[in-house]
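Student: Encoded as structure tokens, here's the structure I'll be asking about.
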Amino acid sequence: MPGSNLKFAILLLLICIVAGCSSIHLAKEADTLASAGEWDEAVLKYSELYKKEPRNLDYKIRYTRAKFEAAQIHHSRGVEQLEKGNHQAALLEFQAALFLDPSLDKARVLLEKTKRLMDSVYYYGKGLEELIKGNERLAKSSFKKSLSLNPDNEL
12 MPGSNLKFAI
22 LLLLICIVAG
32 CSSIHLAKEA
42 DTLASAGEWD
52 EAVLKYSELY
62 KKEPRNLDYK
72 IRYTRAKFEA
82 AQIHHSRGVE
92 QLEKGNHQAA
102 LLEFQAALFL
112 DPSLDKARVL
122 LEKTKRLMDS
132 VYYYGKGLEE
142 LIKGNERLAK
152 SSFKKSLSLN
162 PDNEL
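Below, the structure is given as structure tokens:
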């Protein structure tokens with residue numbers, strides 16, 4: 012019996028060593044990605060690491076920072092896409108930013124603006140369709156809706 016306890020203790024020690032090495036390797040991977048500015052990938056690695064060791068405050072801080080940095084990048088990309096008029100791409104970037112950092116109010120504001128712009132384009136198109144059909148009343152209603160969503164529209 013004493014020999015089996017020793018074997019169990021050695022096995023337990025080996026498991027702990029391997030698990031620790033696994034976390035250290037994962038942390039190095041995540042740190043390398045973060046250093047390279049690959050924040051989305053770093054978020055995934057830090058998330059995995061933090062799930063393995065939820066009481067490790069250092070891992071929590073790194074994970075939180077990676078999410079913050081990734082959110083900022085997605086916000087910036089969203090702004091770029093919005094300026095180019097690529098509303099769908101901007102929408103996706105702002106959504107990604109908010110998924111990573113729900114407190115990022117500037118992304119929330121621009122997400123709502125992007126949605127309004129997309130809706131405005133939709134109603135403008137509906138207005139043109141109704142105009143082609145000869146339905147001036149519905150066309151006017153759609154154009155008004157488009158303008159209410161985006162007063163800067165040039166009709």
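Residue numbers for the sequence shown, in the numbering used here: 12 to 166.
We put the CB at the ideal spot given by N, CA and C, even for glycine.
Between the C-alpha atoms of Tyr74 and Ala53, what's the straight-line distance to the nearest angstrom?
Tutor: 8 Å
Student: Round the Cβ separation of Ser157 and Asn164 to the nearest angstrom and send it over; I've been treating them as touching at under 8 Å.
Tutor: 6 Å
Student: In whole angstroms, what separates the C-alpha of Asp69 from that of Gly136?
Tutor: 52 Å
Student: Ser153: beta carbon under 7 Å from a heavy atom of the ligand SAM?
Tutor: No copy of the ligand SAM appears in this structure; indeed no ligand is present at all.
Student: Please report how far the alpha carbon of Ala100 lies from the alpha carbon of Gly89, in whole angstroms.
Tutor: 7 Å
Student: Expressed to the nearest angstrom, what Euclidean distance is found between the alpha-carbon atoms of Ser34 and Leu55?
Tutor: 14 Å
Student: Inspect the beta-carbon positions of Asn161 and Arg127 and report whether they are closer than 8 Å.
Tutor: Cβ atoms of Asn161 and Arg127: closer than 8 Å.
Student: Give the DSSP-derived three-state secondary structure of Arg66 in the structure shown.
Tutor: Assignment of Arg66 by DSSP, reduced to helix, strand and coil, places it in the coil class.
Student: Taking Lys155 as the reference, which of Asp116, Tyr134, Lys62, Glu141 has the closest Cα?
Tutor: Selection Asp116, Tyr134, Lys62, Glu141 evaluated against Lys155 yields Tyr134 as nearest (Cα-Cα).
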